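All remarks here apply to the structure that follows.
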Amino acid sequence: MSRRIVSVSILVAAMLLIIAACAPAAPAPAPTQAPAAQPTAAQPTTAPAEPTTAPAEATTAPQATTAPEATVAPTATALPTAEAGRKQIRWFVGLGTGTDPAQVKVQEEIVKKFNESQDKIQLVLEVVAYDAARDALATQLASGNPPDIVGPVGVSGAEAFHGQWLDLAPFIDKTNYDLTQFDKGAVDFYKVGGEGQIGLPFAIFPSALFYQRDMFDEADLNYPPHKYGEKYKWKDGTEEEWTFDTLNKLAEKLTVDKNNKDASDSAFDTKNIVQYGYEPQYQDLRAVGSYMGAGTFVAPDGKTAQIPPQWAEAWKWVYDGVWKEHIIANGPTRESQEFGQGNPFNSGKVATALTHLWYTCCVTDAGGNWDVAVVPSHNGKTTANFNADTFRVLKASKNPDEAFTVLTYLLGDGSLDLLKAYGGMPGRTADQAAFFKSLDETWKQKVDWQVFIDGIQYADNPSFEGYMPNYNESFDLANVFLNKLYTTDGLDMDKEIAQFQKDLQAVFDKKATP
Amino acid sequence: MSSFKELFSIFHLKPNARREALYGLAFISLWLIGFLLFTLFPMIATLVFTFTNINLAQEQSLQFVGLQNYLAMFKDSQLHNALGVTFKYALIALPIGLALPLIVALLLNNKYLRAKGFFRIMFYLPFVIPFVAGIFAWGGLLNPEQGWINQGLEALGVQNPPGWLNDPTWVYPGLVILGLWGIGSAVIINLAGLQGIPTELYDAAKVDGAGWWATLWNVTLPMMSPVLFYALVLGVVGVFQYFLVPLVITDGTGRPGGATMFFNLYLYKTFFTFQNMSYGAAQAWVLFLLILALTVFLFWSSKYWVHYAGDTR
C-alpha cells in the first residue's frame, strides 16, 4: 500500500512539474545577463548600448536607446488577462533602450499611472531582452499576435520592420494633437514618403565632435569651433574653414607615439602609438558616410543599390586615417583593452570623436575634461547626422485609436520620467533646458550642450538609417564591410567599394525565399 | 526497433514485472516528454519549414515552395565559402586536436615523469574555465597590436609577428591555438585509454625486442584506436558545429575577409540575423546530413583501423 502511495505521489509530482514548466512565467524580471550585443557588426567587444542599437561592433554605434552594458534585460512577461470594459493595449519594449532593470521600473510606474488615470484602456508592458527582441516581434507579427505600441526604437530598429508602422496623420487630425510643441524639423523627420507620419518626436540625439581639452592644451592647439560657420583658429593666428581636412590636420598633431612624436613628424613611430587623434565612435558604415553628406544606399526606384559619392569619400578618408596617416585606431587596436575594447574615446587615449548625444552614456572613463565642438563641413556643406528614438504604433494594432491615446500619454505626461530614464534629449523644445541642466549635474566640466541643439538644423535628410531592401542582411553586409576597412591594410578602395555595391545589390535582389 | 518490441511486451509481463516496468517508464517519462517536445518535434518542424517560405523579415503569405530552399544553396556563394572555411579548418584542427592530447597523455603516462598529479591538474585546469571567458582572454592574447603573444615574439626579435585572428593566413592556426586551451578533457580520456592497455602486451613487445617506436606503433596505437575513433567522431561533429569561438571573436562578421564565416555561423545568421527561417532550416538539415554521412563513413572505415581487445576480426 505504502509503495503505491509513493509511486502515485511521484507521478503526481511529475505531472505538477510538467504543468509548472508549461505555465506562463511569473512577471518578474529575469536575472541579469550579459550586455546586449548588437546584431550587427563587428567586434568581439560589446559596446554600451546606444540609443537604439546595441553596440556590437567596434564600429557600430550603440543606438539611440540601448541599454547600458552589463545590465540585464528582463525577459518578456506574461500578459495579464484583459480587465472587463477595458481595451488592452500592449507596449513592446526591447528594440532599443528600456530593458535595463531601472528603466523597466520607471516604465512599470508609467503603466500604473496611466491605468489609474482612466478606465477605458488597460496598458500592458512587454519587455523583451534586446538580443531577442527583433525575433520576438517578428514572430508576434508573423503569428498574428502583434503588440500595439513599440518603443523606444530608433530609425534603424524600426526599418527592420519597414512598412509595418501606422500612419498617425489621421489620428493627429482627429484629435487635434498639437504638433507645434515640437521643432518642425523633428516632426518632419518622421514624415516618410509613401508611409505618412509614422512617428512623433520623443528623444533626439544630434551629433557633435567630442574632444579632450587637455590633449589640445598639451599639443598647444586651440579648441575646435563651437558655433556652426566659425573657422578654426590656429595658434599663429591664421584661420581655416572648419572642414574634415582641418580635422585631419588636427588629428595628426594629436596622434602621438611613445616618444612623444606626433603623426606629422617624419620620425613618428607607427608601431608604438599611445594616443590617437580621431575616432568615429560607434558610427556604422552609413553614419561614417553621412557626416560628409546625407545619402542612402537605395536609388529612387527603391531597389537599386547605390553608393553616394560623398559616402565613398568619407570611407576613404577614414580608411586613409587608419592605414596611411595612423590617426585612427585600426581594428585590433580598438578592440584591445588598452584602447577601450571597442570604445576608444572612452579609453582617454583618443583626442576627438564624432558621435551622438547618447554617447554620454559611455564616456565615463574618458576623464572629466571633455567638451563638444561642431561637426566639420565637407565641400561647403555641414551634415550633423541625427539619431532619434520614439514610440511607434503598428499597422497591425487591433485598437489603433486607443494605441494613439497611449502614444500621446507616453509623449506627454509620461515623457519626462521616461526621458530621464532613457537619457534622451526631449523632442519637445520646452523641456530641453531642464534636460541639459540634469546633464550638467553629471558632467561638471561645463560642456557646451548648445552645440547639440544647434546641430539639429544640420540633421541628415534622408536619414542615414533609412530604408533598405532586405534590411537585416543589408545592414549586416554594411557592417562587415566597415569591419574590413578597419582590419585590412592595403585595400584598393575603389575596387572594394565597387564590389560592396555589387554585393549590396545582390542582397537587395534576394527574395524572401532565395 | 527492439525497444519498441520491449515497450509493447510490457503488457505480456507478469503483474510484478509489469509494475516494475511501468515505474521505470514513469521515471523516464519527463525525459521522454522533454525529448518529444523540445527535440523531436522541433526537428520535424524545421524539416517542414524547409519546404515553405517563412521569412520573418519580409511580409508574405505562407507558401509551399518545394525544394527551392535546397536548390538556392547551389547558388549561394556565401554558403559555399562557409563550407570551404569549415573544411579548411577541419583539415588543420582535427589532426592536431587528435594528436596533441594523445602526445600529452603519453607524456603524462610516462613512468619517468615526476609530479604526475600536478601536471594532470595543470593540463585539465583550463577546461574548467568558462569557455567564453577563455575566448575573450585568448582574443586579447592573440591581438596582433597589443597582445602578449606578439609582444613576446617582438621581444624575441621577430620583426613582423603574425596577424593571427586578423590575417586570413594566420587565422586558422590562431583558432587552433585557441582551441587547444581546452584539450584537458581529451587528455584525460586518452590517459584513461593508455592506462587500460594490458601491461603484458608491452612485456611481450619487449621480449620480442621492440623499441619505443615499434611499441608505440604496434601496441599503443592499435590498442588506443577505439579511443582515437571516439575522439575522431566527436571531433568531426564538433568541427562542423564550430560556432561559439568565431561568434565571440568576430561578433559574427566572419572577418578577416570571410575567413571565419563557418557553416554553423552562417546558418545562425540566416536564422537570427536575416530571420530567414526556412532557408536557415534547410541549411541546418544539410549540415545534419553532412555530419551524418561523415559519421557513417567513419563507422564504416573503423573496421579497417579500429581494434577492440578480444575482437576476432
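Line order of the protein sequences matches chains A and B.
According to this note's numbering, the first sequence is numbered sequentially starting from -6.
According to this note's numbering, the second sequence is numbered sequentially starting from 3.
Idealized CB from N, CA, C, for every residue including glycine.
Since the structure is predicted, the reported quantities are computational estimates derived from the model, not experimental observations.
Taking each of B:F299, B:L218, B:A139, B:Q243 in turn and checking the Cα distance to B:W287, the smallest one comes out for B:Q243. Taking every protein chain shown into account, the CB of B:W214 has fewer than 16 other CB atoms within 10 angstroms, so this residue is exposed. The DSSP-derived three-state label of B:P44 is helix. Beyond the five residues adjoining it in sequence on each side, A:Q299 comes within less than 6 Å, by CB distance, of A292 in the same chain, given in chain order. Within the region 272 to 291 of chain B, contact with chain A at the beta-carbon level (separation under 7 Å) is assigned to F274, T275, F276, Q277, S280, Y281.
The Cβ atoms of B:P228 and B:V298 do not sit closer than 8 Å to each other. When the five nearest sequence neighbours on each side are left out, the beta carbons in the same chain lying within less than 8 Å of the beta carbon of A:V367 are those of A201, L202, P217, P218, H219, K220, Y221, E223, W235, T375, A377, V444, D447, G448, in order along the chain. Distance from the CA atom of B:N220 to the CA atom of B:N192, rounded to whole angstroms, is 17 Å.
Listed along chain B is no residue with a C-beta nearer than 8 Å to that of A:Y183; the closest approach is about 21 Å. Taken atom to atom, the span from the alpha-carbon of B:G259 to that of A:A260 is near 32 Å. In the structure shown, B:Q62 adopts coil according to DSSP, grouped into three states.
When secondary structure is reduced to three states using DSSP, A:L387 falls in the strand class.
Ranked by Cα distance from A:W436, the options A:S408, A:C354, A:F379, A:A389 are led by A:C354. Here A:S200 is bridged, per DSSP, to A:H349. Less than 8 Å divides the Cβ of A:A344 from the Cβ of A:L247.
Residue environment analysis places A:M208 among the buried positions, since at least 16 neighbouring C-beta atoms fall within 10 angstroms of its C-beta. In this model, A:V365 and A:Y204 are separated by some 6 Å (Cα to Cα). Close to chain A, meaning a Cβ-Cβ distance shorter than 7 Å, are the following residues of the region 251 to 270 of chain B: I251, T252, D253, T255, G256, R257, P258, G259. For the region 219 to 233 of chain B, there are no residues whose beta carbon sits under 9 Å from a beta carbon of chain A.
In the DSSP annotation of this structure, the continuous segment of the beta strand (DSSP E) that includes A:A366 starts and ends at 363 to 366. Taking CB atoms only, A:N372 has no neighbour in chain B less than 8 Å away. Close CB contacts of A:N252 within its chain, under the 8 Å cut and outside five residues either way in sequence, are with A260, D262, N265 (chain order).
Less than 8 Å separates the beta-carbon of A:Q276 from that of A:L347.
Taking a C-beta distance under 8 Å as the contact criterion, A:F379 and A:S456 qualify as a contact pair. For the 8 Å CB-CB criterion, A:E395 and A:I103 do not form a contact. Counting only residues of its own chain and dropping the five nearest sequence neighbours on each side, B:T88 has a CB closer than 8 Å to the CB of V241, F242, Y244, F264, F265, N266. No Cβ of chain A is located within less than 8 Å of the beta carbon of B:P132.
Across the structure, B:F13 and B:F29 are spaced so that their CA atoms are roughly 18 Å apart. DSSP links A:G189 through a beta bridge to A:V185. Contact check for B:G184 and B:P97: beta-carbon distance about 17 Å, past the 8 Å limit, so the pair fails to qualify. Put simply, the region 276 to 293 of chain B touches the region 39 to 57 of chain B. At least three CB pairs are less than 8 Å apart. Considering only A:R279, A:A212, A:G230, A:M418, the residue with the shortest C-alpha distance to A:S257 is A:A212. With its beta carbon less than 8 Å from one in chain A, B:G142 belongs to the interface. Those residues of the region 146 to 167 of chain B placed with their C-beta closer than 7 Å to a C-beta in chain A are P146, E147, Q148, ordered along the chain. At a cut-off of 8 Å between beta carbons, B:L58 contacts chain A.
Annotation note: the region 135 to 163 of chain A contains the following uninterrupted alpha helix (DSSP H) runs of length 4 or greater, listed N- to C-terminal: 148 to 152.
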